[in-house]
Amino acid sequence: MPSYWWECESCGNKAEFFDVCQVKGITHFIWDILLKEEWNQDHLIKNCKSCGRDLMRITYEFPRKDKEKLRVIHIIGIGPFDNNKYLPMIWETHAVGENENDNWFDFKYLNGKNIRGLNRPAVFSRDSLKKLFDVYSKKTGKEILL
């Protein structure tokens, strides 16, 4: 299985990106679907072909000593910047297993369709971070900071 995949929260069925949304992988999904649809969060949950429930979510392992499996709740970005290549994002996730009630925020970026940026932290200016939080609030209806 690739480093990012679709997994059903109900039955555990796993699927690759092409099988779920007809794109090559996570970077193509972000650029060709999410960004083009102005970060429409409806694209982040799909129907499971195994159990028929709308509970398929993007899943990945967070790189720690003991890897944590995370499921994506929201992906929001700003930009792209720098000749339409640099795309900073915030991913809201929840852990699978004993920490599943905790939502985590993972700051990521893409440089074109190169997946390496997803494994490195994004760096934001104060203004860019405020803009990202504002877009997050607009697209999800939730506030990050209390």
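The sequence shown begins at 1143 in the numbering used here and counts up by one.
Here a beta-carbon is modelled for each residue, glycine too, at the ideal position from N, C-alpha and C.
Here the structure is a predicted model, which means the values were calculated and not measured.
Sequence-distant residues of the same chain with beta carbon closer than 7 Å to residue i, five excluded per side
i, result
"Gln1183", "His1216, Lys1281, Thr1282"
8 Å Cβ shell around residue i - same chain, five flanking residues per side excluded
i, result
"Cys1193", "Cys1150, Ser1152, Cys1153, Asn1155"
"Glu1203", "Ser1145, Lys1209, Glu1210, Lys1211, Leu1212"
"Trp1181", "Ile1217, Ile1218, Gly1219, Val1277, Lys1281"
"Lys1284", "Tyr1278"
"Asp1196", "Ile1187, Lys1188, Asn1189, Cys1190"
Residue j beta carbon less than 8 Å from that of residue i
i, j, result
"Leu1186", "Ile1168", "no"
"Leu1260", "Phe1266", "no"
"Ala1157", "Trp1147", "yes"
"Phe1249", "Glu1234", "no"
"Tyr1251", "Ala1237", "no"
Buried or exposed by the 16-neighbour rule on C-beta atoms within 10 Å, applied to residue i
i, result
"Arg1262", "exposed"
"Leu1176", "buried"
"Leu1287", "exposed"
"Phe1160", "exposed"
Where the alpha helix (DSSP H) containing residue i begins and where it ends
i, result
"Phe1160", "1159 to 1163"
"Ile1168", "1168 to 1171"
"Asp1276", "1268 to 1282"
Integer Cβ distance of residue i from residue j, believed to fall under 8 Å
i, j, result
"Lys1188", "Cys1163", "7 Å"
"Gly1221", "Leu1229", "5 Å"
"Lys1272", "Asn1253", "About 23 Å separates the two Cβ atoms, so there is no contact after all."
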